[in-house]
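Asker:
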Amino acid sequence: MSPSELYIGLMSGTSIDGIDAALVNLSDDNVELVAFEYLPFSHEIQIELQKLSAPNAQIYLQNYGEMDTRLANWFVRAVKTLLSKQQLSPTEIIAIGSHGQTVYHSPSGQYPFSLQIGDPNYIAEQTGITTVADFRRRDLAVGGQGAPLVPAFHKAVFHCKNETRCIVNIGGIANITVLSANEDIPVLGFDTGAGNILLNQWTLQHLNKSYDQNGAWANTGVVNFELVNCLKKEPYFHASPPKSTGVDYFSLAWLESKCNLSHYLPEDVQASLCYLTAITICDAIVKFAPETTRILVCGGGVHNVYLMNLLITNAPCPVQSTSDFGLHPDHVEAIAFAWLAKQTLNQKTGNLESVTGANRPVILGGIYQY
Ligand SMILES: Nc1ncnc2c1ncn2[C@@H]1O[C@H](COP(=O)(O)OP(=O)(O)O)[C@@H](O)[C@H]1O
Ligand SMILES: [Mg+2]
C-alpha cells in the first residue's frame with residue numbers, strides 16, 4: 195500500500211451554515227475520507243456574513259477586510275480541531291484547499307469577478323500548512339464562469355461507463371454535473387438556481403430559525419402552482435449553460451420582486467419554494483441532459499425530506515444519495531477542494547471548459563506556501 199497523502203479541504207457554502215473540513219487521503223488516485231469536522235458559525239458571524247453578501251450591500255472596506263481576517267480564524271479553528279482529534283501534526287498534511295466564503299459572484303458583468311473571503315495568508319501561517327485558495331478567479335480570467343468547479347472532481351469519483359449520471363448538489367445554490375457514460379462526451383455542469391437559500395431565508399423570516407428541519411414546516415403547507423409558475427418565469431432558469439449564480443441574486447429580494455407574497459400562507463410559500471428547487475433541477479436535467487439514467491444527490495438539501503420527496507417524484511430517473519456511491523452527501527464539496535488543492539500543487543488543471551465556458555483549462559488558485 196502506498197503511503198498516505200493527506201490533504202484538508204475547507205468549504206463554506208452559500209447557505210452560510212458553517213465550515214465543512216475534510217481530512218482526505220489522496221494517495222495515487224484514491225479519494226479516502228479520513229475524518230470530517232463541521233464547525234457551525236455563531237449567529238453573530240452568520241448575520242455579519244449575510245449582510246456582506248446581501249444584494250447591493252453597502253459596506254465599508256474596513257468591514258470587508260476585517261471579515262476576511264475573522265473568517266480565516268474560523269477556518270484555522272476548523273483545521274486545528276480536525277488535527278487535534280486525529281492527533282496529527284501540521285507537518286503530516288501536504289496542503290489545505292480552502293474555498294473561502296463567497297460574498298459576491300458576478301461572472302457575467304462587464305468586469306467579471308468572484309469574491310471569496312477567509313485570508314489564506316492567515317490560514318497558512320496559523321496552521322503551519324501550505325494553503326491553496328482563490329480557486330475561482332483564474333477560471334474567470336480565461337473567460338469562464340469561475341463555477342462550478344466541483345465537476346472535475348465529480349468525474350474523478352462518480353463516473354461510470356455503464357450509465358449517464360447526474361450529480362446534484364443542493365447547497366444554498368443548487369448545481370448539477372452530468373457525467374456521460376461515454377467519457378469522450380464532455381462533462382456538463384452548471385448552477386440550476388436556488389437550492390436551500392430561499393428556503394432558509396423564508397424560514398428565518400417566519401419562524402426565526404435558520405432552516406426548516408427535515409422540511410417539517412413545508413410539509414404543513416401545500417404547493418401553490420400559480421406562485422411556482424410565476425417564479426419559474428425567471429430568465430436564469432431558461433438560459434443555456436454555461437451559467438452560474440449566487441445568493442447575491444437569489445434572495446428574498448428576488449422573491450419579493452417576482453410576486454406579492456402577502457397573497458399566500460407562509461407555509462404554502464415554503465412548500466412552493468421547495469417545489470421550485472426540485473422542479474428547476476428536474477427541468478434542467480430533462481432539457482440539457484435527457485440521457486441521464488441516475489441522479490446522485492449531495493449537499494445539505496438531502497436532509498430536507500419534503501424537498502427530496504418532490505425531487506424523487508418529479509425526476510426523470512432514479513434518485514439516490516451519494517452515500518450509496520461511497521461519499522456521504524455532507525462531505526462531497528469539502529473533499530472536492532482537497533482534491534483541487536492537490537491538482538494545483540501537482541500543476542494539473544482543475545476547471546473544465548465544457549462546464550465553466552473557459553477558453554482553456556487552467557491551474558486554479560494561489561499557493562500560500564508554508
Ligand atoms: N435536517 C435538515 N433539514 C432540512 N434542511 C437541512 C437539514 N440539514 C441541512 N439542511 C439544509 O442544508 C443547508 C446546508 O447545506 P450545505 O450543503 O452545507 O450548503 P452550502 O454548501 O451552501 O453551505 C442548510 O442551510 C439547510 O438549508
Ligand atoms: Mg454549508
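Numbered by our numbering, the letters in the sequence shown go through residues 195 to 564 in order. Even glycine gets a Cβ: it sits at the ideal position worked out from N, Cα and C.
1) What residue does the alpha helix (DSSP H) around T516 start on, and which one ends it?
2) Mind listing, in chain order, the residues whose beta carbon lies closer than 5 Å to a non-hydrogen atom of ligand 1?
3) Measuring CA to CA, which of P284, A341, I489, L490 is closest to L200?
4) What span of residues does the beta strand (DSSP E) with Q310 cover, start to end?
5) Applying the 10 Å Cβ sphere with the 16-neighbour rule, what's the burial state of L507?
6) How about D262: is its Cβ closer than 7 Å to a heavy atom in ligand 2?
7) Evaluate the contact criterion for the region 385–393 versus the region 551–559: three or more CB pairs, one atom per stretch, below 8 Å.
8) With H, G and I counted as helix, E and B as strand and the rest as coil, what does DSSP make of H293?
9) Residues in its own chain within less than 8 Å of Y328 by CB, not counting five upstream and five downstream?
10) Is D385 near ligand 2, with its Cβ less than 7 Å from a heavy atom?
11) Assuming Y232 is part of the alpha helix (DSSP H), what are its boundary residues?
12) Exposed or buried, C354, counting other C-beta atoms within 10 Å across all chains shown (16 or more means buried)?
13) With DSSP as the reference, please indicate the residues paired to V491 in a beta bridge.
14) My assumption, with CB atoms under 8 Å, is that K349 sits in contact with V381. Please give the rounded CB distance.
15) Quickly, what does DSSP pair L220 with across the bridge? List them, please.
16) Do you know how far the Cα of N454 is from the Cα of S221?
17) Give me the DSSP bridge partner(s) of F384.
18) Ligand 2 and D462: does the residue's C-beta get closer than 7 Å to at least one heavy atom of that ligand?
19) Are the region 295–305 and the region 244–255 in contact at 8 Å, needing three or more beta carbon pairs?
20) Look at L446 and Q395 and say whether their C-beta atoms are less than 8 Å apart.
21) Could you tell me if Q339 is buried or exposed, where buried requires 16 or more neighbouring beta carbons within 10 angstroms of its beta carbon?
22) Could you give the distance in angstroms between the alpha-carbon of S515 and the alpha-carbon of F352?
23) Check for me: the alpha helix (DSSP H) holding V526 runs from which residue to which?
Answerer: With the structure as the only source:
1) Here the question's residue 516 lines up with position 322 in the sequence shown. First-last for T516: undefined, no H or E at that position.
2) G207, T208, S209, D211, G365, G366, N390, N394, Y405, Q407, N408, G493, G494, H497, N498
3) In the sequence shown, counting from the first residue as 1, residue 200 sits at position 6. L200 has its Cα closest to that of P284, out of P284, A341, I489, L490.
4) Indexing the sequence shown from 1 puts residue 310 at position 116. Unbroken beta strand (DSSP E) run through Q310: 307–311.
5) On the sequence shown, residue 507 is found 313 positions in, with the first residue counted as 1. Just to set this straight, residue 507 is Thr in the shown sequence, not Leu. Answer is exposed; the Cβ neighbour count stays below 16.
6) Against the sequence shown, residue 262 aligns to sequence position 68. No, the Cβ of D262 stays beyond 7 Å of every heavy atom of ligand 2.
7) no
8) Sequence index remark: in the sequence shown, residue 293 carries index 99 (1-based). Strand at H293.
9) Mapped onto the sequence shown, residue 328 falls at position 134. Residue identity check: residue 328 is Asp in the sequence provided, not Tyr. Excluding sequence neighbours, D328 sits near G294, Q310, P314, G559, G560.
10) As a working note, residue 385 is residue 191 in the sequence shown. Because no heavy atom of ligand 2 lies under 7 Å away, the Cβ of D385 does not count as near it: no.
11) For the purposes of this step, residue 232 is taken as residue 38 along the sequence shown, with counting starting at 1. Note, Y232: premise wrong, no alpha helix (DSSP H); beta strand (DSSP E) at 226–234.
12) Position 160 of the sequence shown, counted from the start, is the residue given in the question as residue 354. It is exposed - the Cβ of C354 has fewer than 16 other Cβ atoms within 10 Å.
13) Taking the first residue of the sequence shown as 1, we reach residue 491 at position 297. Looking at the DSSP assignment, V491 forms a beta bridge with V362, S515.
14) The residue labelled residue 349 in the question sits at position 155 within the sequence shown. The residue labelled residue 381 in the question sits at position 187 within the sequence shown. The Cβ separation is near 5 Å, so the contact holds.
15) In the sequence shown, residue 220 corresponds to position 26, counting from 1. Answer is none; L220 lacks a bridge partner.
16) Reading the sequence shown from its first residue, position 27 is the one you call residue 221. Reading the sequence shown from its first residue, position 260 is the one you call residue 454. Cα to Cα, S221 sits roughly 54 Å from N454.
17) For the purposes of this step, residue 384 is identified with residue 190 of the sequence shown, where counting begins at 1. DSSP output for F384 lists I370 as bridge partner(s).
18) In the sequence shown, the residue the question calls residue 462 occupies position 268. No, the Cβ of D462 stays beyond 7 Å of every heavy atom of ligand 2.
19) yes
20) The sequence position of residue 446 within the sequence shown is 252, counting from 1. The sequence position of residue 395 within the sequence shown is 201, counting from 1. Yes, these two residues count as a Cβ contact at 8 Å.
21) Translated into the one-based positions of the sequence shown, residue 339 becomes position 145. So Q339 counts as buried.
22) As a first step, residue 515 must be located in the sequence shown, where it is residue number 321. As a first step, residue 352 must be located in the sequence shown, where it is residue number 158. Distance between the alpha carbons of S515 and F352 is about 12 Å.
23) Here the question's residue 526 lines up with position 332 in the sequence shown. Counting along the chain, the alpha helix (DSSP H) containing V526 begins and ends at 526–539.
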